[in-house]
Amino acid sequence: MPAHAQTTSPPPDVDPRSLAISTRGLRKTYRNRHGRHVAVQGLDLDVPIGGVHGFLGPNGSGKTTSIRMLLGLVRADSGTMTILGQEVPRALPDIVGRVGAIVEQPKFFPTFTARKNLDLLASAIGVPSSEVGMVLEAVGLDDRAGDRYKTYSLGMKQRLAIAATLLKDPDLLIFDEPTNGLDPAGIREIRTTMRTLADQGKTVLVSSHILAEVEQVADTVSIIGHGRLLASGRVEDIVAGSATTVRVGVRQPGEAREILERAGLTVRADHEALLVDGAADPADITQVLAQHGQYVHELVAIKAGLEAVFLELTAGEGPGTRAEESGRPTRRSRRGGSR
Ligand SMILES: Nc1ncnc2c1ncn2[C@@H]1O[C@H](COP(=O)(O)OP(=O)(O)OP(=O)(O)O)[C@@H](O)[C@H]1O
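In terms of UniProt numbering, the numbers along the sequence shown are unbroken and rise by one, the last being 339.
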């Protein structure tokens, strides 16, 4: 059994006081014009105290809904949740000062400087204005603090949003897709900021649909699909348990892809080449192809990443397929995860 499969089941007796966030059996159903829609179905999430925790899954997998339930912005149908050891939403008023979150783009005054915007916010929440300089420095905006907000790049705007959450000096930071719309330089800046905050002892929960992006900064991750936990644990443990992806160069990638898929392998196109997951040994790929008159001119084993793990965990699940609706067992339970 791959290592990550062992990490999918949170220990039932884990003490929520040792965790920054914990959920058990969290569930949310939305009603829309097509009927009922299960956005989060029995989610068990454990976020350890300290470090960066990536909350990962494709678009629509239930990340935002889960975060909104934790923050009391959406009511859960069922399940339990704790933040910093306290049961929420009941204890939210007690812990709100220890949690900073960016769930939607915060509103700043475009013609005011960054410093002025934060000064206003600080006085509104009763934080001394001496904190403003410190939080601007923490996100690397101290030298641009006198510039008007409207002149900021998207990455700077996002870092200012993070600075705003730091005013209360929270223990836990929750960032929902903070790098959406940013260019590579902006993404790097946010990653650096998150790393710095975690190194200062804060816990950072960051959601993203781009697994590879968060993989570089996260200490631990939870990967969800269709509102359910697929894998969780330390990044290196999860990746270590995954099969290696193999880059395969062939003259007729279309035909080769069909052959490999018929052989039960997961195949993605990568420019002229194919990325193949699920082979126990790269030699198996060459053998299958050669049997069908396809000869490999490139074969490179690529270190598996979280993206490959996700594909492996969801292989066979069609887009939009919901285990509950289809009555199929979940990947997790098929892998022997128990609660
Ligand atoms: N208010 C709502 N009413 C109806 N359906 C909703 C509502 N909010 C979310 N959903 C649906 O619930 C599912 C989960 O959405 P959610 O936004 O939680 O996912 P996500 O993982 O955060 O996705 P993204 O990365 O796109 O933000 C989606 O299918 C979405 O369309």
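Each residue gets a CB set at the ideal place from its N, CA and C atoms; glycine is no exception.
Fair warning: this is a prediction, and the values are worked out from it, not measured in the lab.
Residue i - containing alpha helix (DSSP H), residue span
i	result
GLN158	154–166
PHE108	Neither: PHE108 is in no alpha helix (DSSP H) and is coded neither H nor E.
ILE187	184–199
LYS63	63–70
Residue i in three-state terms, based on DSSP
i	result
ASN117	helix
GLN252	coil
ALA124	helix
ASP277	strand
GLU272	coil
ASP77	coil
VAL246	strand
GLY320	Summary for GLY320: the model assigns pLDDT 39, below 50, so the residue's position carries little reliability, and this model does not support an answer.
ALA91	coil
LEU265	coil
SER130	helix
THR7	Here the model assigns THR7 a pLDDT of 42, short of 50, so the residue's position is not dependable, and the following value carries that caveat. THR7: coil per DSSP, three-state reduction.
GLN291	helix
LEU141	coil
ASP179	Note that residue 179 is Thr in the sequence shown, not Asp. In this structure, THR179 counts as coil in the three-state DSSP scheme.
VAL96	helix
THR151	helix
ASP169	coil
GLY241	coil
THR286	helix
Whole-number beta carbon distance between residue j and residue i, since they are thought to touch under 8 Å
i	j	result
THR220	HIS53	5 Å
ASP78	ARG27	Reading off the sequence, residue 78 comes out as Ser, not Asp. So it is a contact: roughly 5 Å between Cβ atoms.
GLY246	VAL276	Position check: residue 246 holds Val in this sequence, whereas Gly was assumed. The pair is a contact, with the Cβ atoms about 5 Å apart (cut-off 8 Å).
ALA135	ALA114	Note on residue identity: the sequence assigns Val, not Ala, to residue 135. Contact doesn't hold; Cβ gap of about 10 Å is too wide.
GLY227	ALA39	6 Å
LEU306	VAL239	7 Å
GLY254	VAL296	Incorrect: roughly 15 Å between the Cβ atoms, too far for contact.
LEU167	ALA122	5 Å
SER232	SER222	4 Å
ILE83	ILE95	6 Å
LEU274	ARG257	6 Å
THR244	ALA304	5 Å
GLY72	PRO89	4 Å
ALA263	VAL288	5 Å
Pick from the options that is closest to residue i, judged by C-alpha positions
i	options	result
GLY70	ALA212, ILE102, PRO253, ILE21	In the sequence as presented, Gly is not what sits at residue 70; that position holds Leu. The candidate whose alpha carbon is nearest that of LEU70 is ILE21.
GLU104	ARG251, ALA256, PRO178	PRO178
THR165	LYS107, VAL217, ASP270	LYS107
GLY100	PHE112, ARG234, ILE67	ILE67
LEU56	PRO128, THR65, ARG90	THR65
LEU172	VAL214, GLY225, GLU298, GLN86	GLN86
GLU213	ILE187, GLU272, ALA231, ASP237	ILE187
LEU160	ILE259, GLN287, LEU118	LEU118
ALA301	ILE285, ALA290, GLY293	ILE285
ASP183	GLN158, LYS202, MET194, ILE174	GLN158
ARG24	TYR30, ASP15, ASN32	ASP15
THR314	GLY146, ALA124, ILE224, LEU43	ILE224
ASP218	GLY97, GLY50, LEU260	Going by the sequence as given, residue 218 is Ala instead of Asp. Nearest option by C-alpha distance: GLY50.
SER153	VAL132, SER129, GLY181, ASP169	GLY181
LEU211	HIS34, SER18, PRO58	PRO58
Bridge-paired residues (DSSP) for residue i
i	result
ILE174	ALA101, LEU205
PRO48	LEU19
PHE55	SER207, SER222
GLN41	ARG27
ARG33	In DSSP, ARG33 forms no bridge with anything.
GLY305	None, per the DSSP bridge assignment.
LEU229	ILE224
ARG234	THR220
THR82	SER22, GLU87
First through last residue of the beta strand (DSSP E) which encompasses residue i
i	result
VAL296	296–302
> Pick out every residue whose C-beta is nearer than 5 Å to a heavy atom of ligand 2: which are they, in chain order?
Replying inline: Among the ligands in the structure shown, ligand 2 does not appear; only ligand 1 can be found there.
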